[in-house]
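Heads up: the sequence lines are chains A and B, in that order.
Just so we're aligned, residue -10 is where the first sequence starts under this note's numbering, counting upward by one.
Just so we're aligned, residue 272 is where the second sequence starts under this note's numbering, counting upward by one.
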Amino acid sequence: MEFAVLQAFNAISVSSILLLIALGLAFSFGLMGVINMAHGEFIMIGAYTAYAIQNLAAPAMVNGVETQNDLMFLLALPVAFLVAGAGGMVLERLLIRHLYERALDTLLATWGVGLMLQQLARFIFGAPNVQVVTPSWLTGGLVISDDVTLPAKRMFIVALVTVCIAAITFFLYRTAAGRRLRAVMQNRDMASSLGVATRQVDSLTFALGSGLAGVAGCAVALIGPIGPALGTYYIVDAFMVVIFGGVGQLLGTVIAALGIGSLNVAFELGSTAVVGKVMVFVMVILFLQWKPSGLLALRTR
Amino acid sequence: MKASHVFRFIAGPALSLALVAGCAPAAGTGGGSGSTIKVGVLHSLSGTMAISETSVRDATLLAIEEINAKGGVLGKKIEPVIEDGASDWPTFAEKAKKLIQKDQVAVVFGCWTSASRKAVLPVFESLKSLLFYPVQYEGLEKSPNIFYTGATTNQQIVPAVEYLLAQGKKKMYLLGSDYVFPRTSNKIIKLQLEAQGGQLVGEEYTPLGHTDYTTVVSKILAAKPDVVFNTLNGDSNVAFFKQLKSAGNTPDKIQTMSVSIAEEETRGIGPENLVGHLVAWNYYQTTDTPENKKFVAAYKAKYGQNRVTDDPIEAGYLGVYLWAKAVEKAGSTDVEKVRAAAKGIEFAAPGGMVTVDGDNQHIYKTVRMGRVRADGLIDEISASPKPVKPDPYLEGKNYPWAKSLKP
């Protein structure tokens, strides 16, 4: 019973990470059709932002001896959103805007950008991994029994992703800017002729996607490594979730993350991490054979 | 941005700007013209392995600088030629070839992963050149063209298992990355557990770069081992230890013993996630020898006070000294003469006296068990009374259980 509770929580926890790393991509790839291979590097930028802010608060921090302010991590979330978002906006203005309607070119170009960002991180922060010290209010967890502890970090990430989804939904469906964004993504020419400044909307959408990647970076900094190559660990999963969910549909992304996360945990439990992952990939591939446009597809004419 | 990073930025591309291709004469006697002897330094300075390999490159360059300050070898200065293996195994082979044929280096110091070593091995053998390899590895290899300055299995993994069993930690869970080193190590550990009364309660491999260990941690907690023998490599360790800790585990519940986590990795994982856990190496920054005090001081002075030294860094450093000593003794940089001269050469390394074993070109090293401290450095908790003879194939009489082991 306890084990079942733990595994159920693990499923939600793995799903929340998948969802968080895929959310930003749901914008840049899902809505805009840009195969953004640099998405992982925006996650990395978010993680390094969290690291930089932590060190800003405690310049005395040497060799990971923790002396930092606990609340700095909360500050890191919006800052990472802004930093990664600004990076995304620059990338969109300089490069992506010239490549709309040329999906394969965006793949190559953003992959190159990703490599450059990785090397840039290596120059600025050095090749060895760095770490974000877990704030004290995120250490420990909810102790259910001797063997089962629900980690506070994981609960925080679940909460964070819930807040992100709520905020995005509100933005997309309750604000004028969100309405314009949806209009442009559904029918660019029509929106344009109705007076929507599509260039600005593109720029904003891409920045939003990148900013969300930055927030994801803060979250994965709590549970995984922070190094220049961090993004490469998450990019494949992010694409898998968005494609499985159906391009262009936020709800599809949410359901896909939950499905893949739960399946992954279930398969891995009965086998090994490698076999579990392979089985998830096989399931996704088979599903896409059956429904090539994913779980929820935008109806097209 | 630290000065050393600026240097890397400039040095990398500049050094690879050599232009001439074409046929080079048979290499091996090589080593520059006139007043210098060229040596190759081949590590990943970009890509996923850069995290570990850049610091070994730094240590190698420090040793070269020190030797040059004392007049070099054979009256000539050593001139390093640095190449980037880029964490890509074919690139390693290609760059090794370039160093040997075009730059005509006398020796190459480099590689980290077994995969990169296996990729360059045929190059060094066919071109009859020499590689000094600085990292602990899974054994079962002895190439006449490689000197192994890191530990082989009987200097790290086998004694680590013995130590754990002696502590009464008999139920073991084996966790490793899915490639040659962890799989070979675990094959050895399983034979050893069977022969020495241990019990295997689980075995799990995850892909390199795997970052979600929630289910693996649940499985470990459910299996209730005394100890997790950890051969994860690279960034996965960060995810594993963070998640193991946040699942409520402490070293007094389930202990871990790691063989790929040294001081450098500890910084990235976060000492608070590792404190109290065990590791096995031949050298720690805290190792108490006069040579080590000097080495740590020199390394920090050159690369920054916040840098740490660890086992592969030390092995990279001492390799240069062993080669220089062998060259002095041989009176030449000729590969065959250096190999012959290297037999039995001794060097007071930071981690204690090391001796080259002429038979297998590994070195005698002191085995040290360590425990991670709160500041990320490692305290030695047990050491072999004297340097242990390297036995890459576990053929010695101490290892009767390893008879069935095939390379």
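We put the CB at the ideal spot given by N, CA and C, even for glycine.
- Only residues of its own chain outside the window of five on either side were considered, and among them A601 have a CB closer than 6 Å to the CB of B:K608, listed in chain order.
- A residue is called buried once 16 or more other Cβ atoms fall within 10 Å of its Cβ, and B:W552 is buried on that count.
- Counting only runs of at least 3 residues, the segment 535 to 573 of chain B fully encloses the following beta strand (DSSP E) elements, listed from N- to C-terminal order: 549 to 552.
- Membership of A:R188 in the alpha helix (DSSP H) is indicated by the continuous run T187 to I212.
- In this chain, the alpha helix (DSSP H) harbouring B:P453 covers V451 to Q467.
- Going by C-alpha positions, B:P663 is about 58 Å away from A:A286.
- Bounds of the alpha helix (DSSP H) holding A:T99 are A92 to F114.
- For A:S2, the chain B residues whose C-beta falls within less than 8 Å of its own C-beta are T485, listed in chain order.
- If you draw a straight line from the Cα of B:Y450 to the Cα of B:L479, it comes to about 8 Å.
- Exclusion of the five residues before and after B:V391 leaves F363, A364, A367, C382 and L402 as the residues of its chain whose Cβ lies within less than 7 Å of its Cβ.
- Spanning the alpha carbons of A:T261 and A:I224 requires a straight line of approximately 22 Å.
- When DSSP states are grouped into helix, strand and coil, B:P405 belongs to the coil group.
- Of the candidates A:E90, A:T99 and A:G74, A:T99 places its Cα closest to the Cα of A:L84.
- No Cβ of chain B is located within less than 9 Å of the beta carbon of A:Y37.
- Within the segment 6 to 86 of chain A, the alpha helix (DSSP H) runs of at least 4 residues that lie entirely inside it are, in chain order, 28 to 46 and 61 to 83.
- For B:N501, the enclosing beta strand (DSSP E) covers residues V498 to T502.
- In the displayed model, B:V659 falls within a strand according to three-state DSSP.
- Distance from the Cα of A:Y89 is smallest, within the candidate group A:D226, A:V269 and A:R188, for A:R188.
- For B:F380, the pairing in a beta bridge is given by DSSP as B:V312 and B:F403.
- Annotation: Cβ neighbours of B:T482 in chain A (cutoff 8 Å, chain order): V209, I212, G213, P214, Y222 and Y223.
- At a Cβ-Cβ threshold of 9 Å, B:P430 and B:S675 do not count as neighbours.
- Interface flag for A:I244 against chain B is unset, since no Cβ pair is found closer than 9 Å.
- The beta-carbon of A:A11 is placed no less than 9 Å from the nearest beta-carbon of chain B.
- Put simply, the CB of B:R454 is far from chain A, with every gap to its CB atoms at 9 Å or more.
- When C-alpha distances from A:L104 are compared across A:L20, A:F31, A:P124 and A:L93, the shortest belongs to A:F31.
- Taking CB atoms only, A:F16 has no neighbour in chain B less than 9 Å away.
- Note that the segment 57 to 66 of chain A does not touch the segment 135 to 144 of chain A; fewer than 3 beta-carbon pairs, one per stretch, sit closer than 8 Å.
- A direct Cα-Cα distance of roughly 20 Å separates A:T242 from A:G74.
- Under the Cβ distance rule, B:Y450 does not count among the residues neighbouring chain A, no pair being separated by less than 9 Å.
- Leaving aside the five residues that flank B:F452 on each side, the residues in its chain whose CB is nearer than 6 Å to its CB run, in chain order, S385 and E409.
- With distances taken between CA atoms, B:L332 lies nearest to B:K573 out of B:A673, B:K573 and B:A612.
- The C-alpha of B:T537 is placed about 13 Å away from the C-alpha of B:M528.
- Those residues of the segment 108 to 121 of chain A placed with their C-beta closer than 7 Å to a C-beta in chain B are Q108, R111, F112, I113, G115, A116, P117, N118, V119 and Q120, ordered along the chain.
- If only complete runs of 3 or more residues are kept, the segment 313 to 372 of chain B shows the beta strand (DSSP E) at 348 to 355, in order along the chain.
- Fewer than three Cβ pairs drawn from the segment -5 to 8 of chain A and the segment 172 to 187 of chain A lie within less than 8 Å of each other, which leaves the two stretches out of contact.
- Less than 9 Å divides the Cβ of B:T637 from the Cβ of B:G623.
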